[in-house]
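Engineer: In the working numbering, the protein residues as written are 358 to 656.
Glycine included, each C-beta is placed from N, C-alpha and C at the ideal position.
Next comes the structure, spelled out in structure tokens:
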């Protein structure tokens, strides 16, 4: 009887130990399964424009465009990460930046282990608003941890507190044409007629296409004749960025209304309407708009 009890105890211990190690292994597997990888997108780069102001990004897969953070004066910046919670920096297994030197012949690539640097500064919490900015001539990555803004110097590899107003759109704009674009409905026209998406990101402008729509038909426009490489990028669902401060908002607007005009026509047919009289006035440039606006009663 005593021997039988000892055997039962040993069996119970074996079962308990087996269950413990099984659950432990399952727990470890689940944890690993929870971590998702967000690899750096595969793409090729090309510069265009008289002053190499346009950065053309052609993706191997159009769905990978989200991995490009932005373009500064000197770099295109992309990233990769492994995490089970993209919103919390302490839950990252890795977070890397990739810098492509726009001033080098072959767009020299360098890698920065940003997670290790963040840990050195003992930053923990919710990660948000990651973007590229330029301040006082230096290229930075801007991000927030628990709503506290930080700047990461891309050359010095140092993190500093960021001015609260750095992302203030009005503070960053030297000469805004946003109200002009809104009144003449340019963004909507480009999207509805050509499937082209136009965006602005802290002194860098971006062109892309809606991948869910049919390919844009741009063959009969000025842009096809003057910048066929840009058209090719858009048709392949790539993105076109302007380098930081290489094109101001007024120049960009004037460029767009020329690019997307029919071949041989100087600018698109755009009109603004007087709210009081209903009279329509054709706008052929940003300067035309300023003249028209000055003639309107102040609200």
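1) How many Å lie between residue 451 and residue 569 at the Cα?
2) In the DSSP assignment, what are the bridge partners of residue 401?
3) So what does DSSP say about residue 464, is it helix, strand or coil?
4) Expressed to the nearest angstrom, what Euclidean distance is found between the alpha-carbon atoms of residue 460 and residue 404?
5) How about residue 435 and residue 425: are their beta carbons less than 8 Å apart?
6) Could you name the residues that DSSP lists as bridge partners for residue 644?
7) How do the stretch 541-557 and the stretch 501-508 stand: do at least 3 beta-carbon pairs fall below 8 Å, yes or no?
8) Could you give the distance in angstroms between the alpha-carbon of residue 396 and the alpha-carbon of residue 443?
9) Is residue 478 closer than 8 Å to residue 466 when the C-beta atoms are compared?
10) For a quick check, are the C-beta atoms of residue 430 and residue 601 less than 8 Å apart?
11) Taking 8 Å as the threshold (C-beta atoms), are residue 433 and residue 498 in contact?
12) Grab me the residues of residue 553's own chain with a C-beta within less than 7 Å of its C-beta, minus the 5 sequence neighbours each way, in chain order.
13) Alpha carbon to alpha carbon, how far is residue 641 from residue 610? Give it in angstroms, no decimals.
14) Quick one: which unbroken alpha helix (DSSP H) runs of 4-plus residues sit fully inside the stretch 596-639? Chain order, please.
15) Counting along the chain, where does the beta strand (DSSP E) carrying residue 495 start and finish?
16) Expressed to the nearest angstrom, what Euclidean distance is found between the alpha-carbon atoms of residue 406 and residue 549?
17) Would you grab the beta carbon distance between residue 523 and residue 490 for me? Rounded to a whole angstrom, and I think it's under 8 Å.
18) Looking at residue 555 and residue 511, is the spacing between their C-beta atoms short of 8 Å?
19) For residue 513, which three-state DSSP category applies?
20) Tell me the rounded alpha-carbon separation between residue 449 and residue 519.
21) Alpha carbon to alpha carbon, how far is residue 521 from residue 476? Give it in angstroms, no decimals.
22) Please report the straight-line C-alpha distance between residue 399 and residue 468, rounded to a whole angstrom.
23) Using only the alpha-carbon positions, how far apart do residue 604 and residue 616 sit?
24) Going by the DSSP bridge assignment, what does residue 518 pair with across the sheet?
25) Our contact map puts residue 624 next to residue 649 with C-beta atoms below 8 Å; I'd like the distance itself, whole angstroms only.
26) Would residue 413 pass as a contact of residue 597 if the rule is Cβ separation under 8 Å?
27) The beta strand (DSSP E) spanning residue 435 covers which residue range?
28) Is residue 445 helix, strand or coil by DSSP?
Structural biologist: Quick look at the numbers:
1) Walking along the chain shown from the start, residue 451 turns up at place 94. Walking along the chain shown from the start, residue 569 turns up at place 212. In a straight line, the C-alpha of residue 451 is about 31 Å away from that of residue 569.
2) For this step, residue 401 is matched to residue 44 along the chain shown. 415, per the DSSP bridge assignment.
3) Residue 464 sits at position 107 when you count from the first residue of the chain shown. Reduced to three states, the DSSP call for residue 464 is coil.
4) Here residue 460 corresponds to residue number 103 of the chain shown, with the count starting at 1. Here residue 404 corresponds to residue number 47 of the chain shown, with the count starting at 1. About 10 Å.
5) Stepping through the chain shown from its first residue, residue 435 is reached at position 78. Stepping through the chain shown from its first residue, residue 425 is reached at position 68. In contact: residue 435 and residue 425 (Cβ atoms closer than 8 Å).
6) As a position in the chain shown, residue 644 is number 287, starting the count at 1. Looking at the DSSP assignment, residue 644 forms no beta bridge with any residue, so it has no partner.
7) no
8) Here residue 396 refers to the residue found at position 39 of the chain shown. Here residue 443 refers to the residue found at position 86 of the chain shown. Going from the Cα of residue 396 to the Cα of residue 443 covers about 13 Å.
9) Residue mapping note: residue 466 aligns to position 109 of the chain shown, counting from 1. Residue mapping note: residue 478 aligns to position 121 of the chain shown, counting from 1. No. Outside cutoff.
10) Taking the first residue of the chain shown as 1, we reach residue 430 at position 73. Taking the first residue of the chain shown as 1, we reach residue 601 at position 244. Yes, the pair counts as a contact, with Cβ atoms nearer than the cut-off.
11) To locate residue 498, count along the chain shown from 1; it is residue 141. To locate residue 433, count along the chain shown from 1; it is residue 76. No; because the gap between Cβ atoms is not below 8 Å, this pair is not in contact.
12) Along the chain shown, one-based indexing puts residue 553 at 196. So the qualifying residues of the chain are 547, 564, 566, 573 and 591.
13) Start at 1 with the first residue of the chain shown, and residue 610 comes out as number 253. Start at 1 with the first residue of the chain shown, and residue 641 comes out as number 284. Rounded to whole angstroms, residue 610 to residue 641 spans 10 Å at the Cα level.
14) 606-616
15) Numbered from its first residue, the chain shown carries residue 495 at position 138. First-last of the beta strand (DSSP E) with residue 495: 495-502.
16) The residue given as residue 406 occupies position 49 in the chain shown. The residue given as residue 549 occupies position 192 in the chain shown. Roughly 26 Å between the two C-alpha positions.
17) Working through the chain shown from its first residue, we reach residue 523 at position 166. Working through the chain shown from its first residue, we reach residue 490 at position 133. Confirmed, about 6 Å.
18) One-based indexing of the chain shown puts residue 511 at position 154. One-based indexing of the chain shown puts residue 555 at position 198. No, they are not a contact pair.
19) The residue given as residue 513 occupies position 156 in the chain shown. In the structure shown, residue 513 sits in coil (DSSP, three-state: anything other than H, G, I, E or B).
20) The sequence position of residue 449 within the chain shown is 92, counting from 1. The sequence position of residue 519 within the chain shown is 162, counting from 1. Using only the alpha carbons, I get a separation of about 23 Å.
21) Within the chain shown, numbered from 1, the residue matching residue 476 stands at position 119. Within the chain shown, numbered from 1, the residue matching residue 521 stands at position 164. Rounded to the nearest angstrom, the two C-alpha atoms are 23 Å apart.
22) Within the chain shown, the letter at position 42 stands for residue 399. Within the chain shown, the letter at position 111 stands for residue 468. Near 15 Å, if we compare the C-alpha coordinates of residue 468 and residue 399.
23) The residue labelled residue 604 in the question sits at position 247 within the chain shown. The residue labelled residue 616 in the question sits at position 259 within the chain shown. Whole-angstrom Cα-Cα distance: 15 Å.
24) Locating residue 518 in the chain shown gives position 161, counting from the first residue. Its beta-bridge partners are 507.
25) Against the chain shown, residue 624 aligns to sequence position 267. Against the chain shown, residue 649 aligns to sequence position 292. That pair is no contact at about 15 Å.
26) The residue labelled residue 413 in the question sits at position 56 within the chain shown. The residue labelled residue 597 in the question sits at position 240 within the chain shown. Yes, the pair counts as a contact, with Cβ atoms nearer than the cut-off.
27) In the chain shown, counting from the first residue as 1, residue 435 sits at position 78. Looking at the DSSP string, the run of the beta strand (DSSP E) that includes residue 435 is 432-440.
28) Position 88 of the chain shown, counted from the start, is the residue given in the question as residue 445. Residue 445: strand per DSSP, three-state reduction.
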